[in-house]
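A.B. asks:
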Amino acid sequence: MKSADIRKIKKSLEKNLDEKRFEHTIGVAYTAAALAMRYEESIENAELAGLLHDCAKGLDEDKLISICEKHHISITDLERRNPFLLHAKAGSFLAMKTYKVQDNDVINAILNHITGRPGMSVLEKIIFVADYIEPRRNHAPNLAQIRKLAFIDLNAATLKILGDTLEHLHSSKEEIDSMTEKTYEYYLHLENTTDAEESEE
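Number 28 in our numbering belongs to position 26 of the sequence shown; there are no gaps in the numbering.
#1: On the CB-based measure, 16 or more other CB atoms within 10 Å of its CB, does D133 come out buried or exposed?
#2: Whose CA, out of A90, D56 and S44, lies closest to the CA of F24?
#3: Which whole-angstrom value is the C-beta distance of E49 and A34, which I expect to be below 8 Å?
#4: Among the candidates A90, E42 and R40, whose CA atom is the shortest distance from the CA of E63?
#5: Going by C-alpha to C-alpha distance, which of P85, D166 and S44 sits closest to D107?
#6: Could you tell me the alpha carbon to alpha carbon distance between V131 and L161, rounded to whole angstroms?
#7: Report the rounded CA-to-CA distance for N194 versus C70, giving the unit in angstroms.
#8: Have a look at K102, T167, A38 and L88 and flag the residue whose alpha-carbon is nearest the alpha-carbon of K59.
#9: Return the chain-ordered ranges of every beta strand (DSSP E) run that is complete within the stretch 120 to 194 and spans a minimum of 3 residues.
#10: Starting from T27, trace the alpha helix (DSSP H) both ways and give me its first and last residue.
#11: Going by C-alpha to C-alpha distance, which of L80, H73 and D79 sits closest to M98?
#12: Around the C-beta of S174, are 16 or more other C-beta atoms found within 10 angstroms, so that it is buried, or is it exposed?
#13: Leaving out five residues on either side along the sequence, give the residues of the same chain with a beta carbon under 7 Å from the beta carbon of T167.
#14: Which two residues bound the contiguous alpha helix (DSSP H) that contains S94?
#15: What do you get for I116, buried or exposed, if any count of 16 or more other CB atoms within 10 angstroms of its CB means buried?
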């Protein structure tokens with residue numbers, strides 16, 4: 003996507019998102035681009051996915067449900083009870099239809115930025131992590147540690163974010179998406195397997 007198109011997307015998002023959400027969006031795009039440099043991914047794709055990850059966040063819950071139902075996008079029981087979670091599914095659809103994004107990796111990065119998924123691509127992990135550590139985030143536990151870890155070991159940062167997220171959801175007695183748990187178990191197993199292999203060498 004050309005830099006001119008990126009500028010148009012920024013202008014559109016500035017109109018459609020509230021000020022705080024737009025600032026977060028710019029922070030995620032900036033952080034994603036930096037992580038893409040570190041992990042030798044497409045900087046353009048990382049910036050694009052970062053910009054669009056919350057593009058549906060300004061829509062009300064009825065609109066999110068309407069978009070998904072109209073375009074036959076599945077809605078889980080948990081999402082019915084918590085429609086704000088649909089902004090990732092609706093956002094990936096809008097990225098394709100409104101913003102003309104064709105790259106599947108970018109679409110998947112937007113789609114999976116809330117819960118993650120087992121076996122994420124590097125770009126998906128970059129957006130998942132960037133959403134958590136961008137400069138204006140200041141409430142999450144272990145943020146300084148995770149920010150440092152993100153530029154050392156992307157899988158380890160992903161696992162730490164998932165673990166802290168689940169701990170927070172458990173302690174606050176909020177509903178937990180099973181995909182978050184599955185993703186955590188996947189990256190925990192991956193880390194344990196890697197540690198075991200390294201200890202055998």
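By construction, the Cβ of each residue, glycine as well, lies at the ideal position given by its N, Cα and C atoms.
C.D. replies: The relevant details are as follows:
#1: Within the sequence shown, numbered from 1, the residue matching residue 133 stands at position 131. By the 10 Å Cβ count, D133 comes out buried.
#2: As a first step, residue 24 is located in the sequence shown; it is residue number 22 there, counting from the start. Nearest of A90, D56 and S44 to F24, Cα basis: D56.
#3: Numbered from 1 along the sequence shown, position 47 holds the residue referred to as residue 49. Numbered from 1 along the sequence shown, position 32 holds the residue referred to as residue 34. Indeed, because the Cβ distance is near 6 Å, the residues count as touching under 8 Å.
#4: Numbered from its first residue, the sequence shown carries residue 63 at position 61. Considering only alpha carbons, the answer is A90.
#5: To locate residue 107, count along the sequence shown from 1; it is residue 105. Of the listed residues, the one whose Cα sits closest to D107 is S44.
#6: As a working note, residue 131 is residue 129 in the sequence shown. As a working note, residue 161 is residue 159 in the sequence shown. Those two C-alpha atoms are separated by around 10 Å.
#7: Walking along the sequence shown from the start, residue 194 turns up at place 192. Walking along the sequence shown from the start, residue 70 turns up at place 68. Rounded to the nearest angstrom, the two C-alpha atoms are 37 Å apart.
#8: For the purposes of this step, residue 59 is taken as residue 57 along the sequence shown, with counting starting at 1. Of the listed residues, the one whose Cα sits closest to K59 is L88.
#9: none
#10: Translated into positions along the sequence shown, residue 27 becomes position 25. That run of the alpha helix (DSSP H) goes E21 to Y41.
#11: Residue 98 sits at position 96 when you count from the first residue of the sequence shown. The shortest Cα separation from M98 among L80, H73 and D79 belongs to H73.
#12: Mapped onto the sequence shown, residue 174 falls at position 172. The residue in question, S174, is exposed, as its Cβ has fewer than 16 Cβ neighbours within 10 Å.
#13: Indexing the sequence shown from 1 puts residue 167 at position 165. Cβ within range, chain order: T182.
#14: For this step, residue 94 is matched to residue 92 along the sequence shown. Per DSSP, S94 belongs to the alpha helix (DSSP H) from H89 to K99.
#15: Within the sequence shown, the letter at position 114 stands for residue 116. Label assigned to I116: buried.
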